[in-house]
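Notes for the one structure printed next.
Residue numbers (this note's numbering): 2 to 227.
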């Protein structure tokens, strides 16, 4: 699963079946997803986490079809044995203002598949650094809000910030140890993203590994602002 450069890459477009099922999933779960919104900042809801389904989702007829799509994607994009950790939606409302701290998701072994249901533009798409850092990941997995500070610690004279701009239902793969951050949504539409998170070991092991680094609440709820 590891990639020496650390990156976020376009993999392919969704098939018509994948697109239709993800659209139906969002429409079927939209009410309780939108009920989670607090203010105008990015938020997310896990439909599956740590071998358990969200109780509002687990009895929906589409769940089994979504599980099959996810299993197929994971098999396609990861060659070695891998554990499914979580999947769900996160929403970036129009007018959000938060720049996320530069970070890795969970750990430097964690990888995520992102599928936007709306366009990704220069006004709402994640920023990332393609080149893998030499410095070790902080215990919190968060580096600094100022990339200049990170650059100085790297001992380099420049760093490049990238974005992927794409149509809805593009499949993007965030490789492990890809430095990235979410940005404010200054576009004129709400951005909707489906995510699938995987790791080479199970969530319980991640929790044990990070026990002295952050609280349980943060581990389970605060990693995905893309």
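Don't be surprised by glycine CBs; every beta carbon is placed ideally from N, CA and C.
- Here DSSP, grouped into helix, strand and coil, assigns residue 201 to coil.
- Residue 121 is a Cβ neighbour of residue 165, given a cutoff of 8 Å.
- A direct Cα-Cα distance of roughly 10 Å separates residue 51 from residue 88.
- Going by DSSP, residue 174 is part of the beta strand (DSSP E) stretching over 171-175.
- With contact defined as three or more Cβ pairs closer than 8 Å, the stretch 102-118 and the stretch 172-186 are in contact.
- Taking the Cβ atoms as the reference, residue 138 lies roughly 20 Å from residue 100, outside the contact range of under 8 Å.
- Check the Cα spacing between residue 170 and each of 43, 198, 194 and 73: the tightest is with 194.
- With respect to the 8 Å criterion, residue 130 and residue 189 are not classified as neighbours on the basis of their beta carbons.
- DSSP lists 182 as the bridge partner or partners of residue 128.
- Contact between residue 37 and residue 44 holds: their C-beta atoms lie close to 6 Å from each other, under 8 Å.
- Rounded to the nearest angstrom, the Cβ distance from residue 107 to residue 142 is 6 Å, consistent with a contact under 8 Å.
- The alpha-carbon separation between residue 157 and residue 128 amounts to approximately 19 Å.
- Around the beta-carbon of residue 186, 16 or more other beta-carbon atoms lie within 10 Å, marking it buried.
- The alpha helix (DSSP H) runs of length 4 or more contained entirely in the stretch 54-78 are, from start to end of the chain, 64-78.
- One alpha carbon belongs to residue 23, the other to residue 33, and they sit about 16 Å apart.
- When rounded, the separation of the alpha-carbon atoms in residue 182 and residue 9 is 12 Å.
- The beta carbons of residue 71 and residue 85 sit closer together than 8 Å.
- Spanning the alpha carbons of residue 202 and residue 78 requires a straight line of approximately 17 Å.
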